[in-house]
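In the UniProt record's numbering, the protein residues as written are 1 to 190.
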């Protein structure tokens with residue numbers, strides 16, 4: 001009889017402990033870990049952005065600011081015609097360099113769209129690539145991604161369209177664009 005009482009007590013205690021600590025499932029865990037991140041200039045990075053040395057006029061359009069740890073691409077063109085569309089063909093080269101460190105990743109590339117960047121109404125700056133059919137397509141906006149295999153490069157046309165700029169109203173002016181965000185996403189290889 002005492003044996004049953006002891007077993008019943010152990011069983012009740014087990015149920016109580018189980019109820020107190022739950023089923024073992026959890027909703028979140030926090031843990032501190034050391035992380036080392038390295039920033040490298042574009043010449044050695046996994047994705048390389050550079051001026052196309054073969055593009056006519058690219059050296060006047062694209063420069064770099066090396067005052068920081070990384071290069072910053074600067075678009076500087078101040079003598080564009082008003083109410084005109086100016087194309088800088090293949091001025092920028094973007095290279096998938098992931099294979100250099102053994103990763104060998106495919107990536108999707110696009111430019112973040114905003115009011116002044118893209119092909120939407122009022123967009124004054126566009127970035128385009130060759131579509132393989134003697135034409136170009138915009139890479140502005142997530143829906144216009146371009147896939148780059150490992151070691152593949154993409155030559156980007158830079159288009160400045162001031163035809164609908166409304167230069168006298170102070171809106172959608174090229175001067176309003178202080179930065180352009182290129183987004184590169186690794187593609188799941190499965």
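Even glycine gets a Cβ: it sits at the ideal position worked out from N, Cα and C. Model, not experiment: these values are computed from the prediction.
When DSSP labels each residue in this structure, what does residue i get in the three-state scheme?
i: residue 130; result: strand
i: residue 188; result: coil
i: residue 202; result: Nothing can be reported for residue 202: it is not among the residues displayed for the chain, which extend from 1 to 190.
i: residue 108; result: strand
Taking all protein chains shown into account, do 16 or more other C-beta atoms lie within 10 angstroms of the C-beta of residue i, making it buried, or fewer, making it exposed?
i: residue 181; result: exposed
i: residue 142; result: exposed
i: residue 134; result: exposed
Is the distance from the Cβ of residue i to the Cβ of residue j below 9 Å?
i: residue 159; j: residue 128; result: yes
i: residue 152; j: residue 101; result: no
i: residue 47; j: residue 139; result: no
i: residue 147; j: residue 176; result: no
i: residue 124; j: residue 131; result: no
i: residue 162; j: residue 50; result: no
In the DSSP assignment, what are the bridge partners of residue i?
i: residue 96; result: 47
i: residue 155; result: 93
i: residue 161; result: 85
Under 6 Å Cβ to Cβ from residue i, same chain only, skipping five residues before and after it: list those, please.
i: residue 89; result: 157
i: residue 53; result: none
Can you give me the Cβ contacts of residue i inside the same chain, cut-off strictly under 8 Å, excluding the 5 residues immediately before and after it?
i: residue 106; result: 96, 147, 148, 149, 150, 186, 187, 189
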